[in-house]
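Asker:
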Amino acid sequence: MSAKEALVAIHATRKEDDVVITTMTPARDWMTLPQSALDLVLVPSAMGHATSIGLGLALAQPERRVIVCNGDGSMLMNLGSLVSIASAGATNVVVIVFDNGVYEVTGAQPLPSPGVDFAAIARGSGFASVFDYSDGDRWRNDVERILNAPGPVLAVLHVEPVVGVPGPRSPGPAADRARRLRDALSR
Amino acid sequence: MFSGEQIASVLDELGVSHVVTVPDSTVGPWQSAIEQRGRARIVRVCREGEAWQVAAGLHLGGKTPLVLIQCTGLFESGDAIRNALHDWKLPLFSIIGYRSYLNQDTLPGDTCLVFTEPVLDTWRIEYRLIASPSQFGEIAEHYAACKAAAKPGAILIGEGKA
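Taken in order, these protein sequences are the chains called A and B.
Oh and the first sequence: position 77 is 77 in the numbering used here, straight run, nothing missing.
Oh and the second sequence: position 125 is 1125 in the numbering used here, straight run, nothing missing.
1. Quick one: does the C-beta of A60/A sit closer than 7 Å to a heavy atom of the ligand HEM?
2. Residues of chain B with CB under 8 Å from V83/A, in chain order?
3. Does any CB atom of chain A fall closer than 8 Å to the CB of K1151/B?
4. Are three or more beta carbon pairs between the region 1059-1073 of chain B and the region 68-80 of chain A nearer than 8 Å?
5. Let's see if you can read the secondary structure: which residues bound the beta strand (DSSP E) around T1021/B?
6. Does the distance from the C-beta atom of V159/A to that of N100/A stay below 8 Å?
7. Under the three-state reduction of DSSP, which class applies to F118/A: helix, strand or coil?
8. Against K1063/B, what residues of chain A qualify as contacts under a CB-to-CB distance less than 7 Å, listed in chain order?
9. Report the neighbours of P44/A on chain B: residues whose CB is nearer than 8 Å to its CB, in chain order.
10. Is any beta-carbon of chain A found at less than 8 Å from that of A1055/B?
11. At a CB-CB cut-off below 9 Å, which residues of chain B make contact with G56/A?
12. Could you have a look at R64/A and say whether DSSP puts it in helix, strand or coil?
13. Quick check on L1074/B - is its C-beta less than 8 Å from some C-beta in chain A?
14. Quick check on the DSSP output: the alpha helix (DSSP H) that includes A149/A runs from which residue to which?
15. CA-CA distance, V105/A and S186/A?
16. Taking only beta-carbon positions, decide if E1172/B is within less than 8 Å of chain A.
17. How about R138/A: is its C-beta nearer than 8 Å to some C-beta of chain B?
18. Taking I10/A as the reference, which of P171/A, I146/A, S113/A has the closest Cα?
19. I want to verify the contact list: residues of chain A whose CB lies under 7 Å from the CB of D1079/B, in sequence order.
20. Within this structure, are the beta carbons of G124/A and R1047/B separated by less than 8 Å?
21. Closer than 9 Å, Cβ to any Cβ of chain B: which residues of the region 66-78 of chain A, in chain order?
22. Pop quiz: L1074/B and I1096/B are said to be a contact at Cβ under 8 Å. What is the actual Cβ separation, rounded to whole angstroms?
23. Taking the continuous alpha helix (DSSP H) assigned at A88/A, which residues delimit it?
24. Taking C-beta pairs closer than 7 Å, name the residues in chain B that R182/A reaches, listed in chain order.
25. Kindly indicate which three-state DSSP category L1129/B falls into: helix, strand or coil?
26. If we cut at 8 Å on Cβ distances, does L154/A have a partner in chain B?
27. Within the region 1082-1141 of chain B, note down every full alpha helix (DSSP H) run reaching 4 residues or more, in order along the chain.
28. In chain A, which residues lie less than 8 Å from L1090/B when you measure between Cβ atoms?
29. Between which two residues does the beta strand (DSSP E) harbouring T193/A extend?
30. Using 8 Å as the cut-off, can you tell me whether the region 16-34 of chain A makes contact with the region 1032-1046 of chain B, which would need three or more C-beta pairs spanning the two stretches below that distance?
31. If you measure between the beta carbons of L55/A and L1060/B, is that distance less than 8 Å?
32. Please state whether DSSP places A1162/B in a helix, a strand or coil.
33. What span of residues does the beta strand (DSSP E) with D180/A cover, start to end?
34. Could you check which residue in L1092/B, I1139/B, L1129/B, V1054/B has the C-alpha nearest to that of D1012/B?
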């Protein structure tokens, strides 16, 4: 499946009050879809920290679901965050790892070890529900059930790398976007 | 220098909602007093860079987090600090243990003394160095000043002596 078709399914299924965080390849494709005030396009980001910001948001707003669409390279940079999420009891976090085996936004250089079993790592970290998908039709059929599974949830999506497409550009000054998100979350 | 009860009490006074932390032998023992008091929630993370970004999420979600780490973790945190404090301009506050500041018996020549303050200056974090118990009141003072100015800040707590 492509990252874009996987994201379209998430976009169609997310609830109005869900927070959706996207970074790297998922951010680039997410920005082509209609945006919500509760979207956090994490560009610019710190290396691999989308899941950590997601944990903070989830603890601050336990009544909301926080969906983090992360790259596989980003996930490798912050694997410990999976343990932090599970140990904090953040049952409202859904992590979706877009696994294409490469650092796509820098030109598709291979990861240190393509084929890392993120699902096994999530299970070992204490995630309550873990899924693994390669087929786009199955993903589209199941996405609602997966987003609603007991949390924390992690789904690995095996997607094809896209070579030669630029990485995501910031959609605007980060500080302004932070203020807008904070305001939207306070309503 | 300070007991867990003293720190828990000042965190209550400041309205801190979450303490995001990786322990060291000075700040780690404060956790139980903070938890017993039950006002601020302890959030344990695996590495200090995470702490700043979890605090960023908490702040965006309307809470009042505080990062509690040692200076060694400050060194690890660089990119997370740059992003949260300067890209996203979030006014996060921290308490940072200053390893070997008061006593170098355990680690003679500890380079934490060389780099800690220049690193805070580099990241443009205004800090107050606490080197004696008589400065306890400065924790709340500096926090209030940073909050009023809506800017990041840190308390640097000298470590190395009981």
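Even glycine gets a Cβ: it sits at the ideal position worked out from N, Cα and C.
A quick note: this is a predicted structure, and the numbers were derived from the prediction, not measured.
Answerer: Considering the structure as presented:
1. As presented, the structure is devoid of all ligands, the ligand HEM included, so that no description of it is given.
2. C1046
3. K1151/B does not count as touching chain A.
4. no
5. 1018-1021
6. Cβ distance < 8 Å, so V159/A and N100/A count as in contact.
7. Note: F118/A maps to helix in three-state DSSP.
8. Simply A60.
9. Per Cβ cutoff of 8 Å: N1083, D1087.
10. yes
11. H1018, V1020, V1043, Q1053, V1054, A1055, A1056, G1057, L1058, H1059, L1060, G1061, K1063, P1065
12. It is coil, neither helix nor strand.
13. Residue contact with chain A for L1074/B: absent (no Cβ-Cβ distance below 8 Å to any residue of chain A).
14. Per DSSP, A149/A belongs to no alpha helix (DSSP H) and is neither H nor E.
15. Each residue's Cα considered, the two are about 33 Å apart.
16. Here chain B has residues from 1001 to 1162 only, and residue 1172/B is not among them.
17. no
18. I146/A
19. A46, M47
20. When the beta-carbon positions are compared, G124/A and R1047/B stay at least 8 Å from each other.
21. V66, N78
22. 6 Å
23. A88/A -> no alpha helix (DSSP H), and no H or E assigned at all.
24. L1060, G1062
25. strand
26. no
27. 1112-1122
28. A178
29. What the structure shows of chain A is the stretch from 1 to 187, and residue 193/A is not part of that stretch, so it cannot be assessed.
30. no
31. Not closer than 8 Å, so no.
32. Note that A1162/B has pLDDT 42, beneath the 50 cutoff, so the model's placement of it is unreliable and the number below is only indicative. Residue state, collapsed to three classes: coil.
33. Here residue 180/A is Arg; the residue named in the question, Asp, does not match the sequence. Not the beta strand (DSSP E): R180/A falls in the alpha helix (DSSP H), residues 174-186.
34. I1139/B
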